[in-house]
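K.L.:
So the sequences go chain by chain: L and E. Numbering of the first sequence is given in my numbering, commencing with residue 694 and proceeding in unit increments. Numbering of the second sequence is given in my numbering, commencing with residue 694 and proceeding in unit increments. For each residue, glycine too, the CB sits at the ideal point set by N, CA and C. Keep in mind the model is a prediction, meaning the values are calculated, not measured.
There are 2 protein chains.
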Amino acid sequence: LDDGDNEAARALAEPLHPADIADLFEQVPAHDRAGLAAALGDKLDAEVFAEMNEWVKSELLDLLDAGQVAEIAQALDTDDAVAILEDMDAGDAQDVLRAMTPEDRAAIEEALSYPEESAGRLMQRDLVAVPEDWTVAQVTAFLHERPDLQTDFWEIFVVDEGMLPVGTMRLSWLLTTPPDIAVADLMQRDQTLIPVDMDQEEVALRFQKYALISAAVVDLKGRLVGVITVDDIVHIIQEEAGEDILKLSGAGDGDINEPVFDTYKTRSRWLIVNLGTAMVSSSVIAAFAPTIEKFVVLAALTPIVASVGGNAGTQTMAVAVRALATNQLTEANTRRTIWRELRVAAANGLTVATLMGIGTALVFQNPMLGGVIAAAMLFNILVAGMAGVIVPVLLDRFNFDPAVSSSVFVTMTTDTMGFLGFLWLATRAGLTG
Amino acid sequence: LDDGDNEAARALAEPLHPADIADLFEQVPAHDRAGLAAALGDKLDAEVFAEMNEWVKSELLDLLDAGQVAEIAQALDTDDAVAILEDMDAGDAQDVLRAMTPEDRAAIEEALSYPEESAGRLMQRDLVAVPEDWTVAQVTAFLHERPDLQTDFWEIFVVDEGMLPVGTMRLSWLLTTPPDIAVADLMQRDQTLIPVDMDQEEVALRFQKYALISAAVVDLKGRLVGVITVDDIVHIIQEEAGEDILKLSGAGDGDINEPVFDTYKTRSRWLIVNLGTAMVSSSVIAAFAPTIEKFVVLAALTPIVASVGGNAGTQTMAVAVRALATNQLTEANTRRTIWRELRVAAANGLTVATLMGIGTALVFQNPMLGGVIAAAMLFNILVAGMAGVIVPVLLDRFNFDPAVSSSVFVTMTTDTMGFLGFLWLATRAGLTG
């Protein structure tokens, strides 16, 4: 379609929402993207860039010169412009900033001065703030006089003379209240203030917990400096919640648009770590070589004990990692949670061990072998239940991200304990073929 | 603290937000919750229930009679009341409905008539809709005359005579526009309409994609019947995105407040399935018993080949499951994604196989063994890269949830192919100790 007939491509894209055009760029093969950009011309506007996947975006921005990127950035809200600039090389970003108007440049440079993934980078500086002693009528008149207000807003912030926030009004309250009521009587005094250096994950949890639509951002002195709205937070909630699964499996960013070499770097590092831990745990098997030589069936059964233990550990670990990420698992209930997981592990272990023990005893006509594998499985599932909670909790306590490295430790524990428990018991029981 | 001094407990809870009081109930051990409820008295209001974890909520609701639950449900928005009733036993829910006023009862029964997890259960029926031919002044006057409007609203819907939605106005537009402008000239005609039977996951993706604050819900005839606001969606986005990790590991609901027996049922079912697949793949090892008897070191090396392959498969699978859940992986780019993952797998495979091959050759002074394990690892990582995309995509194509069962198939494939590739090559190469 888009080889040749640019008019037709434009006509098709005409009725689409910027988010849909951004999707189109993501779905098209990489080598067709420049052609599609040329065909769409000014339909590829700033809003489309704001919606685009970061890898596809930086690919397209590489085709533009600093002046064009500056134009796009200036058409966007501060937070979206920052998102474009923070993904660029430092040198290129400087060129773009130099091509911008002084005010826009100052706003973006200020945002970039806050740490990455902090509230300061997410916030929008355009906001409506009114003094406490106004009436509803004054606020309404003030809003009608401000055609320069470009972004939509959902709440009005009430501040004192020092720009310290004292309350919030939702627009629906303003619209349903008689004009002579004072702002001070209408506003809600309890409000969730976001410090400018708060991590975006924490900001997202606040929005979710208190069902916020927008929230005031304050600087270190408590002065109102910006506003964060829920539509920017929705992406973060989605990303942060979905990220755990990628981190636990060592898949890094896990974006299907990421360049192959970047993906290779992240994943191979993880696989090499896993190679190391697999060698450690299988050295246990090597140590029991004389037992296996006497009874080779053990070589086939050993991985089963480790595998089921690994699965049980992963279940507990997934629950613990999610509970930590959503602030459900705290110091107050850690011991209770470990105790809970141990009870679940005991029930699971008894079930699986009984099945496996009876099955093995029957298939190999060897009740002793059945008893040994059942005992080893029960032991390993109990170990898995403990490790599945304790490893992520300890990592979290020492300020490591539990999603990133829990699975290495948990799997190494269940593999080693599975191999060791089974082969040690088999040796003690003097099993031979 | 809360043994005895109820006054003190109340005083401490006084300044807390309902969401914080709900958290308090979750953090307190199960046997103290009834006591805390008694201590807090009417501070444990409907809003607190709306914010509470579902297991803790149903535990507390069990202590109340139908009349008390009905009172709580009536104080809430339809969607929150529905959330309380849908978790109850059918009989208890009937008792509660019978204790409610006829209008509230009708509203909730209607919501319950829609499928679980559909837009119909999430929507709020209170909304503001105005005709197209009004002016801004008329809308403003109308809003001031409606003190009965209980919930906050963020957008006003414009409808024709048949209640079909024709446009939307954000409140900030209304507040900054001169009173004589017609609604028809102010409203946005392009709008995202949510069919009443749409699945909540799909609703959440729309909200996210188009950065919506609220959206009109329409019945099968296209008439406006309700509104969904983003604060209800935020929970769903968080849940749905976080759920994948729990499903992939077979941890079910994965809530640390779930009763132990329910958790046991979900997880043991999964462990038994895994026991089965582990037996299938280790039957491959049993088939090669003669080879292992001749060279027992193979018993220790086999699990390493399977383990690294399993990790590589999990990485690809995690990426594919996330990309499917966020609509990034579609029919248009499936082949491209498989090709991409194969290239990543080739690069990872070469790296890991080289390391392992050289290491094994040196440690065991056996270059042939090094070559065999390197070839088997490269092969298994390529298999893992393919299976990691193809399994979730096929499950999705046939309308199974890829997060639920992908890992069973992928792990079985990488285990089997790891065991088979290595032991078959070792046999062919005639390796002996």
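On the DSSP bridge assignment, give the partners of residue 892 of chain L in chain order.
P.N.:
Secondary-structure assignment with DSSP links residue 892 of chain L through a beta bridge to L:811.
K.L.:
Along the chain, where does the alpha helix (DSSP H) that runs through residue 986 of chain E open and close?
P.N.:
982-987
K.L.:
Apart from the five residues on each side of it in sequence, which residues of its chain come closer than 6 Å, Cβ to Cβ, to residue 958 of chain E?
P.N.:
none
K.L.:
Could you tell me the boundaries of the beta strand (DSSP E) in which residue 917 of chain L lies?
P.N.:
917-922
K.L.:
Using beta carbons (cut-off 8 Å, strictly below), is residue 827 of chain L in contact with chain E?
P.N.:
no
K.L.:
Residue 871 of chain E touches chain L at which residues, Cβ-Cβ below 9 Å?
P.N.:
837
K.L.:
Does residue 787 of chain L come out as helix, strand or coil in the three-state DSSP assignment?
P.N.:
helix
K.L.:
Threshold first: 3 residues or longer. Then list the beta strand (DSSP E) segments lying entirely within the region 893-962 of chain L, N to C.
P.N.:
907-911, 917-922
K.L.:
In the DSSP assignment, find the beta strand (DSSP E) that holds residue 860 of chain E and state where it starts and stops.
P.N.:
858-863
K.L.:
In the DSSP output, which residue or residues are listed as bridge partners for residue 848 of chain E?
P.N.:
E:863
K.L.:
Looking at chain E, is there any beta carbon in it that lies within less than 8 Å of the beta carbon of residue 1117 of chain L?
P.N.:
no
K.L.:
My understanding is that residue 748 of chain E touches residue 933 of chain E, with C-beta atoms under 8 Å, so please give their C-beta distance in whole angstroms.
P.N.:
Actually they do not touch by this definition, with Cβ atoms about 19 Å apart.
K.L.:
Just to make sure I have the definition right: I need the residues of chain L whose C-beta is within less than 7 Å of the C-beta of residue 1000 of chain E. Which are they?
P.N.:
967, 971
K.L.:
From which residue to which residue does the alpha helix (DSSP H) around residue 1014 of chain L run?
P.N.:
990-1018
K.L.:
Pick helix, strand or coil for residue 828 of chain E, following the three-state DSSP scheme.
P.N.:
strand
K.L.:
Can the beta-carbon of residue 1101 of chain L be found less than 8 Å from the beta-carbon of residue 966 of chain L?
P.N.:
yes
K.L.:
What did DSSP end up calling residue 761 of chain E once you bin it into helix, strand or coil?
P.N.:
helix
K.L.:
Under 8 Å, do residue 1078 of chain L and residue 1005 of chain L count as touching if we go by C-beta distance?
P.N.:
In terms of Cβ geometry, residue 1078 of chain L and residue 1005 of chain L form a close pair [threshold 8 Å].
K.L.:
Do the region 800-808 of chain E and the region 829-838 of chain E make contact, defined as three or more Cβ pairs closer than 8 Å?
P.N.:
no
K.L.:
Exposed or buried, which one is residue 865 of chain L when buried takes at least 16 other CB atoms within 10 Å?
P.N.:
Buried, since its Cβ has 16 or more Cβ neighbours within 10 Å.
K.L.:
Against chain E, which members of the region 920-939 of chain L pass a CB distance test of less than 9 Å?
P.N.:
922, 923, 924, 925, 926, 927, 928, 930, 931, 932, 933, 934, 935, 936, 937, 938, 939
K.L.:
Got a sec? Which residues, its chain only, sit under 8 Å from residue 1047 of chain L by beta carbon, not counting five neighbours each side?
P.N.:
1067
K.L.:
Whole-angstrom Cβ separation of residue 730 of chain E and residue 705 of chain E, contact assumed at under 8 Å?
P.N.:
In this structure residue 730 of chain E is not in contact with residue 705 of chain E, their Cβ atoms being roughly 15 Å apart against a cut-off of 8 Å.
K.L.:
So, does the CB of residue 748 of chain E fall closer than 8 Å to a CB anywhere in chain L?
P.N.:
no
K.L.:
Among L:1038, L:1064, L:1056, whose alpha-carbon lies nearest the alpha-carbon of residue 944 of chain E?
P.N.:
Selected option, being the one with the closest Cα: L:1038.
K.L.:
Quick check: the Cα distance between residue 912 of chain E and residue 889 of chain E, rounded to an integer number of angstroms?
P.N.:
5 Å
K.L.:
With a threshold of 8 Å between beta carbons, is residue 1129 of chain L in contact with chain E?
P.N.:
The shown model of chain L, from 694 to 1126, leaves out residue 1129 of chain L, and the question about it has no answer.
K.L.:
In chain order, which continuous runs of the beta strand (DSSP E) of length 3 or greater are located wholly inside the region 708-774 of chain E?
P.N.:
For secondary structure counted as the beta strand (DSSP E) over 3 or more consecutive residues, the region 708-774 of chain E holds no complete run.
K.L.:
Taking 8 Å as the CB-CB limit, is residue 997 of chain L close to chain E?
P.N.:
yes
K.L.:
Roughly how many angstroms lie between the CA atoms of residue 737 of chain E and residue 718 of chain E, to the nearest whole one?
P.N.:
10 Å
K.L.:
Taking the alpha-carbon of residue 979 of chain E as reference, which of L:993, L:961, L:884, L:769 has the nearest alpha-carbon?
P.N.:
L:993
K.L.:
I'd like to know if residue 1057 of chain E contacts chain L, where contact means its C-beta is closer than 8 Å to some C-beta of that chain.
P.N.:
Not an interface residue.
K.L.:
So if I threshold CB-CB distances at 7 Å, which residues from the region 1066-1095 of chain E count as touching chain L?
P.N.:
none
K.L.:
So, is residue 1115 of chain E buried or exposed, given that buried needs 16 or more other C-beta atoms within 10 angstroms?
P.N.:
Under this definition residue 1115 of chain E is a buried residue.
K.L.:
List, in chain order, every chain L residue whose beta-carbon is nearer than 7 Å to that of residue 1049 of chain E.
P.N.:
Under the 7 Å cutoff, chain L gives 968.
K.L.:
Could you give the distance in angstroms between the alpha-carbon of residue 845 of chain E and the alpha-carbon of residue 780 of chain L?
P.N.:
A straight-line Cα-Cα distance of about 38 Å links residue 845 of chain E and residue 780 of chain L.
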